[in-house]
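Trainee: Residue numbers (the numbering used here), protein chains in the order written: chain A, 2 to 106; chain B, 205 to 851; chain C, 197 to 688; chain D, 135 to 651; chain E, 29 to 190. Glycine is no exception: its CB is placed at the ideal position from the N, C-alpha and C atoms. Since the structure is predicted, the reported quantities are computational estimates derived from the model, not experimental observations. I have a structure here, written as structure tokens, and I will follow up with some questions on it.
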Amino acid sequence: MTDLSVASFLFLSGALLAIGLFGILTRRNFILLLIAVEIAMNAAILNFVYFAAFAGTSQGLSGQAIAVVLVGLAATEIAVGLAIVLALNRQRGSINVGEATTLKL
Amino acid sequence: MAVSFGIVGLLGTRLKKLEYGGWIAVGFAAAAMIVGLLVAAAEMLSPGSYTDQSFTWLHLPGSPGTFPNGFSLVMGSLVDPISALMLLVVTVVGFLVMLYSIGYMHHDHGLPRYYAELSLFLAAMTGLVIADNLLEFFLFWELVGVCSYFLIGFYYEKPSAASAAKEAFLVTRIGDVLFLLGIFLYFTVYATAGGGAGWAASGFKFVSGSTPFLAGAMGGNTPLLTVAGLMMLAGAAGKSAQFPLHAWLPDAMEGPTTVSALIHAATMVAAGVYLLVIASLFLGFTPDDRLAIVAVGGFTTFFAATMAVVHPDIKRVIAYSTISQLGYMVLGVGAGFAMVGMYHLFTHAFFKALLFLAAGSVIHAVGTQDLFKMGGLRKPMRVTAIAFAVGALSLSGIPPFAGFFSKDDVLSSVYTAAQSNPAYWPFLILAYATVFLTAYYIFRAWFLAFSGDKSRDPTLPAAHEGPWTMQVPLYVLSALAIVAGVLPFTPSFGSLFSLGGATSVPPTYGTTDLVLSSVSVGLGLGGILLARALWGNGRVYVLAPDSALQPMRTILLERYYIKAGYDWVGLRIVYGGSRVADFFERYVIDGTIHGFERLGTKLSNGLREGQTGLVSDYASYVVAGVIGLLILLLFVAPLIIASLGGP
Amino acid sequence: MTLPLLSVTLATLLIGTVLTFVAKEKARYVALATSVVFLLEVAALLAAYTVWPGPVNGSPGYANLESYSWIHLSWLSINYTVGVDGISLVMILLTAFLQIATVVYSWEETKEPGAFFGLLMLTCLGCFGVFIALDVLLFFLFWEAVLIPMFFLIGFWGGPRRRYAALKFFVYTHVASIVMLVGLLALVFYSGAKSFDFSAIYVAAHGLSPTVQTFLFLALFFGFGVKFPIVPFHTWLPDAHVEAPTAGSVLLAGLLLKLGAYGLIRWAVEILPIGMSHLTPLLYVVAFASIVWGSVIALAQRDLKRLIAYSSINHMGIVLLAIAVYSQLGLLAAVLLMFAHGVVSALLFMASGSVHHTFGTRDISKLGGITPVAPILATMLMVGSLASLGLPALISFPAEFTALLATWDRLAYWVLIPLVLLVVTAAFYLWMMQRVLFGPQRNIPEKAHDIPWFETAAMGILVALVIVYGILPGFLVNVIVNSPVYGFPGFP
Amino acid sequence: MDTTILATFTPELIVLGAALLVFLLDVLGVRKLETFGAVAVSATAIALLAVVADLGFAPLAVLRTIPASSIDLPLGPSLYVVTSLGLVFQAIFLTSALLVSLASLSRPSDEKGSAVFFGLLLMATVGMLFAAVASDLIFLLLAVEITGISTYLLVGYTRKDARSLEAAMKFYIVGALSSSLSFFGASLLFGAYGGTSFSVLARGTSVIGYPALALAGYALLLAGLGFKLTLVPFHAWAVDVYDGAPDDVSAFLAGGSKKIGVFAFFLLFTGPVLLAPALGVWCPAGHCSTVTLRPTLELALGVLAVLTMTIGNLLALQQKEVKRLLAYSSISQAGYMLIGVAVGTAPALAGATLQVFAHVFMKAGAFLVVAAVLGLGVGPRVEDWKGLARQRPYLMLAFALMLLSLAGIPLTIGFVSKFVLFSAAVQAEGWFVWLAVAGLLNSALSVFYYARFLKTIYLDSPPPDAPAPPRLFAPIGYGRSAAIAIAVVAIVAFGIDPQPVLSGMQAAATHFVAIGA
Amino acid sequence: MSVEELAFLGLAAIAVGTAMLALLVRELVHTILWVAVFFVSLSGIYFLLEAPFLGVLQLGVYAGAVTILLLFGVMVTRKRIFSKEVATGISPFPFALAVVAMVVLAVVAASLPVPVTLVRSYDVTLLSTALFQQYGAWLVLLGMVMLSALAGAIYLVREGRE
């Protein structure tokens with residue numbers, strides 16, 4: 002387990018963040034947006050995990066601990082998001098965010 | 205002193221709007237006259253002294269700077285021979301005019317205002333005469349100006365009167381401003397020089413103890429002093445209607461005739477000459493100044509007389525003659541003989557007042573000022589005719605009338621000056637030419653008005669003499685117009701003309717050079733004869749429509765188009781420029797502001813367009829911000845900080 | 197100093213203002229009573245003011261000094277410090293007179309009288325505060341406090357374009373106050389004074405480098421200049437004046453413009469003389485520009501109030517010029533002229549207001565020959581105009597004369613610019629009088645009559661001032677020169 | 135767990151307990167709004183007293199739970215630390231919660247979901263309180279997340295209202311995006327320093343020895359937390375959310391929850407990072423330079439501050455709807471606060487803190503008034519408010535004071551706070567003076583729309599044919615009146631004499647900066 | 029190239045590919061399938077990094093719970109489960125921005141040339157001790173987040189009957 006460099010992981014997590022951002026910016030379906038947010042969040046979690054592996058001594062532990070907490074947090078966020086999706090769907094019959102633009106200017 | 209009389213007179217007339225309001229004013233004027241006479245008498249008894257009383261008006265303590273001795277402005281009264289003389293003129297003529305007004309103005313409305321303004325006018329003039337410093341002088345000078353403004357515009361409902369008043373004020377204001385600059389210029393020279401601690405500390409005083417304040421420092425001949433003198437001349441030109449600031453005076457005839465009499469004889473226009481006299485005695489003129497003064501005086505003398513030659517309006521003729529005569533006075537001062545100017549002022553005051561009051565009688569009687577409508581007034585208005593004739597003779601310089609002595613004195617003084625400086629010659633010639641013109645135009649007026657059998661315009665009412673209040677002044681002034689010339693020959697009265705050493709009066713009054721006197725008298729008589737030939741006995745000489753002289757006549761009637769030129773400058777250049785500036789103000793300066801406002805509105809609305817309501821867009825702003833921050837922090841900031849010299 | 201006279205006066209005004217607001221229909225009586233008490237207090241202040249206490253610890257001393265700690269932190273100390281010198285006293289005197297005059301003039305204001313008089317009082321209160329404040333924050337506080345009542349006075353009681361004018365006024369002057377505030381803050385901190393107290397800043401400012409002084413002065417000059425107003429930041433003034441109710445115009449022209457000049461003298465000239473000396477050419481240019489521009493534009497105006505407003509720009513330009521020459525004489529002239537202009541412009545605005553509601557218009561080209569209908573009004577307008585064009589024996593003359601003399605003393609022939617413009621000033625006033633007062637009667641309404649007693653009384657007060665102080669300016673001069681600034685070492 | 139920890143978290147526990155109580159009561163079938171409201175009001179009030187006592191306010195010494203000796207200790211490995219500035223912020227947060235819950239007592243008592251409303255309000259407050267004692271980046275972000283989740287749901291709690299749900303949706307999406315950005319940034323910092331505790335960050339020794347990682351991390355954190363603080367360009371959600379949210383929630387969002395961002399910025403960019411040493415050499419495009427964090431971040435903060443103020447004000451300039459106008463103004467106010475962060479000296483922090491304090495009363499108060507007025511049936515557009523001062527003089531006087539305070543007119547707390555803040559910027563000299571100038575010019579710009587609004591309320595008269603709002607003269611409720619009255623009194627009282635609060639904040643800020651060093 | 033590297037590259041490629049597919053496919057159900065694969069691939073990377081606890085957690089929470097949750101969401105909001113995502117007009121600005129974001133992040137990542145090698149790993153016991161003792165506060169806070177989420181979400185989705 003000694004040959005992987007931090008740069009390669011950074012590439013991966015950066016790419017995932019970018020994909021997440023891409024999704025958030027371009028998708029209109031609320032559920033897709035949720036998924037995009039999750040992808041971005043996973044990029045952050047991934048960072049914590051591998052930085053923990055690189056950090057050494059007891060510091061590294063905190064990285065994994067954070068990752069655990071973040072997994073929980075991300076799941077909670079999804080739940081809240083889904084609750085809003087459901088309420089929105091009931092309200093408007095649509096979960097397309099492009100149609101929810103009454104508040105503007 | 206007399207100032208307070210004037211003010212009380214003002215109050216008195218304001219209080220009572222009744223007929224006798226005027227009498228109150230007359231009473232005060234009489235009192236002022238008596239005081240004036242007493243002052244003059246006192247001055248005659250102890251000739252050549254200065255009586256100076258003053259109090260501090262405004263004071264700054266000294267400090268190490270421009271004014272080490274502090275800075276003061278004072279108010280005070282100075283009685284010396286010239287001011288006594290002038291006081292005499294002002295109060296006597298003032299009283300007579302005031303008396304005359306009782307009869308002349310009785311049918312006008314707004315009399316309280318009239319008497320109040322007239323009283324204030326006199327008061328201001330008196331104040332000017334007895335001012336003991338240049339600033340106070342200026343103060344009353346302005347006050348005289350504003351009173352003339354009110355009086356000329358007395359018939360304010362007439363647009364022409366209102367306009368003439370404005371014009372008079374404005375034109376004299378130009379002179380005043382230059383005068384003020386002159387004061388500043390002298391101040392620069394004398395601020396710390398002269399007697400006492402200098403002008404700054406003692407407040408522009410004329411005299412210090414028994415000598416002129418600036419005696420020690422006077423007599424310089426620097427460009428600065430020359431310019432200062434020219435500014436004095438400009439101020440005097442404004443008030444005394446000298447070329448090129450003469451334009452207001454003929455129009456000032458819009459005022460009541462009494463006012464014209466006062467303005468022309470004793471108050472306003474005299475102030476200008478008085479300023480020159482004062483300046484020449486207390487401040488000193490440089491040779492260049494004197495030449496300039498002579499030039500202005502000489503030219504104006506002739507220039508004004510030419511315009512008087514053709515004018516049909518009786519008052520305007522006299523008005524032009526005033527300008528012309530003022531030119532003589534200025535000439536005298538410029539020639540270096542200040543007291544000669546005063547002398548002519550003294551005599552002129554009486555005969556000019558006489559002429560105006562007589563003309564006033566005529567106007568009062570026939571209700572018109574057009575000479576060509578009058579005629580044959582000799583019979584119904586004998587007193588007036590004689591009075592006018594006395595005035596006219598005096599004006600023409602026919603011995604033994606007063607004008608002869610003083611005018612002769614002016615001529616001989618210029619002649620004297622010309623001996624040493626040939627540049628004076630042209631003006632001497634002009635002055636002589638004017639003698640002829642003067643006699644011609646004034647007798648043209650006399651013949652047109654009084655000779656013949658009846659009025660040329662049959663619609664005119666039957667003429668009659670005025671009430672006694674109008675006649676008494678005529679008598680008195682006639683008498684004075686006859687004797688005023690010889691009064692200075694008496695020892696006591698003569699002492700008023702001999703200001704402690706600086707007299708500058710030729711040794712005799714117009715009698716030395718028999719040749720010069722003969723020429724001038726001859727010219728005068730010639731003028732009278734020409735007038736009689738052309739206009740005598742009710743004749744009217746009409747210039748043929750195709751005459752070669754016709755354009756010239758038009759030019760003269762149009763006053764050489766100078767007023768038109770002024771109007772053009774005022775309307776086109778000044779007013780036009782101001783319209784352009786106003787346009788600039790509204791559309792460029794304010795427009796810029798509005799532009800900013802619109803820009804703000806546009807920006808605001810444009811930015812708000814970004815608030816689309818679409819959450820993806822909001823997210824994209826966030827992402828754009830992140831990208832921007834990344835670029836800023838990773839690439840731009842280190843560069844900036846490095847370029848600023850590190851952290 | 198046993199009785200804190202300044203605080204007592206401030207309290208009087210404060211209580212009076214509150215009572216006025218509450219009094220509704222009876223507001224005018226409360227306002228008048230307060231004004232009279234205020235005037236008496238000012239008289240007491242003047243009577244007590246014989247000599248300034250002399251320099252204290254290297255800073256100029258001020259009379260009636262009171263100081264209480266207000267906000268005190270390690271790096272800044274703000275106090276309630278008030279005090280007066282001759283300059284502020286004269287301005288306070290002006291405030292007192294104008295307050296009485298405006299209250300009397302507005303005697304029959306029927307639209308929300310409580311608020312109207314209350315706002316008038318508040319404006320005067322603010323001005324009074326500005327004139328006595330010797331602490332940056334206190335000064336700024338009062339400075340801004342003037343803004344709001346004036347905004348409402350214009351915006352609620354004003355003419356047809358009042359809302360635009362009120363906003364323009366508010367925004368312009370507010371932007372300026374902000375620049376001024378930055379300047380003052382920078383002054384406090386760059387000089388290392390840390391205290392907002394005038395004396396502390398004054399002492400500390402000596403240590404500033406000339407460059408810093410110059411920049412600070414520039415900021416302050418702009419800040420105060422807009423209130424002056426200086427060209428080209430003046431365009432709020434005509435609009436505000438024209439649209440404001442008469443009482444508002446009076447206070448605007450009479451007092452608010454003076455705030456700028458006063459501020460410049462107190463907070464910039466006294467503290468940063470070196471900075472000023474570096475910027476003198478700029479000041480001259482601006483002053484000349486204001487003088488010329490104000491006069492020339494006034495000539496083209498047809499609205500009576502606009503004309504007077506532009507002439508104010510011209511006069512305040514002369515004030516600036518007199519300050520800029522930086523000499524005893526100049527400063528004296530500036531303060532005198534501030535007083536004179538305060539009284540005269542107030543008189544003129546009152547007269548034009550009366551013209552407006554007597555004859556239904558202020559358009560000079562529509563008016564004509566009002567003298568026979570309203571002789572008193574005509575007299576007032578005439579006295580105001582003549583005073584404004586600098587006629588001797590009226591109040592402006594000694595001020596303008598000393599101002600011009602001081603200018604001559606420093607600038608020599610440049611004085612020709614204000615001199616020539618004096619003629620232009622005379623021209624537009626004369627033209628206005630000729631059109632409005634004289635000539636044949638035009639557009640005179642059927643029921644036109646002379647002004648009511650209270651307007652006569654209000655203007656009468658001002659006319660009396662114009663004449664009395666015109667003939668005897670010595671009283672004012674003695675008070676003014678009895679100020680620390682005239683004793684500053686090395687003051688030319 | 136030992137009791138000292140519990141004692142340390144007394145205020146948090148009180149509020150948390152109250153939240154649990156509310157949820158419990160809801161489960162038990164209690165439906166009365168007044169009950170929940172009373173719980174919320176008393177809990178926040180008691181917690182507030184406790185915090186004030188902990189700040190060393192002598193008359194309340196009995197309530198003190200944290201000994202003075204354990205406040206303002208140097209940074210250690212602990213996840214939380216009690217600083218006096220944190221306590222000040224806790225007090226501010228509690229004040230805003232108190233005001234909003236007090237006003238919410240006047241909501242219609244049969245309103246559905248009142249338990250959720252008060253419960254989430256209290257939970258959001260709990261998050262804010264925790265954020266104020268954070269000494270660890272993750273702790274801080276999690277606390278922020280508590281507030282975040284609670285407020286997303288608060289905005290949507292009137293679930294039948296389409297606008298409200300739409301607002302919740304937008305808030306949620308941008309919020310989730312921001313929190314993933316924050317956590318990503320935090321992960322980069324973790325990678326750079328090997329830990330997330332502020333003591334580790336303050337040490338500034340990079341594990342990887344490479345500045346870019348830390349800089350990128352801070353950039354992402356600026357964005358993620360800037361979202362909370364509504365910094366431009368992370369602001370766009372705020373307007374829609376404030377507009378769509380129930381009125382009292384808007385008051386809480388603007389007056390309370392956004393302030394959490396300010397304290398987070400304090401923690402991240404002034405305290406710990408303040409003296410972080412040079413990070414190393416960074417060679418973008420061949421220009422190698424030593425990167426020091428603080429000046430680099432100052433630049434970014436300054437840019438953000440100016441952008442936020444200016445764009446916020448410009449956006450507000452032409453806004454025609456009352457709530458959106460206030461929302462935009464709230465954005466620009468955040469810019470002023472950021473000046474304090476950018477300057478970073480103790481005086482500046484004190485100024486920014488005072489500005490935050492002032493903003494609670496001004497902005498929460500203003501939104502509460504808006505809530506009251508909209509409750510009277512007056513329309514949401516500015517023009518609907520024409521001449522309202524004549525019908526509701528006292529309410530509008532309160533509103534006018536709030537607007538004047540927002541505009542920074544003297545004798546209001548808004549003036550004092552800006553004065554101190556800008557003074558501090560000038561006092562710091564250097565290019566911060568320009569920040570002060572920008573701030574002052576912006577406050578001049580802001581006067582435009584405040585003045586226009588005031589003009590509409592006071593000077594304009596309603597069109598003659600417009601129907602009068604149905605309940606124009608109805609009472610607005612005691613709770614709401616009390617909340618508004620408190621806000622007004624605070625605005626004026628602290629505007630006249632800010633010394634008590636200001637000296638406290640100054641002392642706290644001084645300690646805070648010292649801790650960072 | 030070692031086995032680890034090869035495994036990492038493979039997993040990374042799968043992660044990136046599935047993430048993109050998840051967002052780009054038209055059918056929502058497919059999306060969720062791709063997401064599940066994505067979660068699994070990440071879990072593999074965690075195992076590779078010798079973080080088995082996280083790997084398991086990832087599988088359980090994400091690949092399990094979250095995926096089910098999402099599927100549930102899709103089911104509730106759709107009348108037909110297999111319906112295509114409607115192509116809505118996507119404005120060019122966000123799209124361009126997303127591309128730029130990718131580029132910038134790539135540049136940032138690429139500019140980190142220092143290869144720091146992996147040092148050590150931890151076992152689950154140590155992690156759980158730390159999690160519940162040293163970093164217990166995080167969990168407490170997470171609990172509060174969940175409390176809020178629970179209370180609010182339940183209220184939000186509950187059909188209003190009262």
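1. Can you give me, in chain order, the residues of the region 589 to 603 of chain D that have a beta carbon less than 7 Å from any beta carbon in chain B?
2. Is the Cβ of B/ARG377 closer than 9 Å to any Cβ of chain C?
3. Helix, strand or coil for B/MET578, going by three-state DSSP, please let me know.
4. Leaving out five residues before and five after C/LEU617 in sequence, what residues of the same chain have Cβ atoms less than 7 Å from its Cβ?
5. Exposed or buried, which one is D/GLN467 when buried takes at least 16 other CB atoms within 10 Å?
6. Give the residues from the region 793 to 823 of chain B that approach chain E closer than 7 Å (Cβ to any Cβ), ordered along the chain.
7. Kindly confirm or deny that the region 345 to 364 of chain C and the region 454 to 465 of chain C touch, where touching means at least three C-beta pairs closer than 8 Å.
8. Please work out which residues of its chain come closer than 7 Å, Cβ to Cβ, to C/VAL662, disregarding the five sequence neighbours upstream and downstream, and give them in chain order.
9. Near C/VAL408, which residues of its chain fall below 7 Å by C-beta distance, leaving aside the five closest residues on each side in sequence?
10. What did DSSP end up calling B/LEU868 once you bin it into helix, strand or coil?
11. Can you pull the chain D residues whose beta carbon is under 7 Å from the beta carbon of C/TRP271, in chain order?
12. Can you name, in chain order, every residue of its own chain whose Cβ lies under 8 Å from the Cβ of B/TRP739, other than the five neighbours on each side?
13. In chain order, which continuous runs of the alpha helix (DSSP H) of length 4 or greater are located wholly inside the region 421 to 461 of chain C?
14. Would you check if there are 3 or more beta carbon pairs closer than 8 Å linking the region 147 to 164 of chain D to the region 266 to 278 of chain D?
15. Taking E/ALA181 as the query, report the chain D residues whose CB atoms sit under 8 Å from its CB, ordered along the chain.
16. Within a Cβ cutoff of 7 Å, which residues of the same chain sit near B/ALA496, ignoring the five residues on either side of it in sequence?
17. Could you give the distance in angstroms between the alpha-carbon of C/TRP627 and the alpha-carbon of C/LEU451?
Mentor: By the coordinates alone:
1. none
2. yes
3. coil
4. ILE487, VAL488, SER491 and ASN510
5. buried
6. SER820 and ASP821
7. Between the region 345 to 364 of chain C and the region 454 to 465 of chain C, the count of Cβ pairs shorter than 8 Å is below three; the stretches do not touch.
8. VAL539, VAL540, LEU543, VAL579, ALA583, LEU590 and ILE591
9. TYR386
10. Chain B is shown only over 205 to 851; residue 868 of chain B falls outside these bounds and no answer can be derived.
11. PRO481 and GLN561
12. PHE647, ARG648, PHE651, LEU652, SER655 and TYR745
13. 432 to 439, 442 to 447 and 453 to 459
14. Cβ pair count under 8 Å is below three, so no.
15. LEU287
16. Answer for B/ALA496: LEU434 and LEU437, listed in chain order.
17. 27 Å
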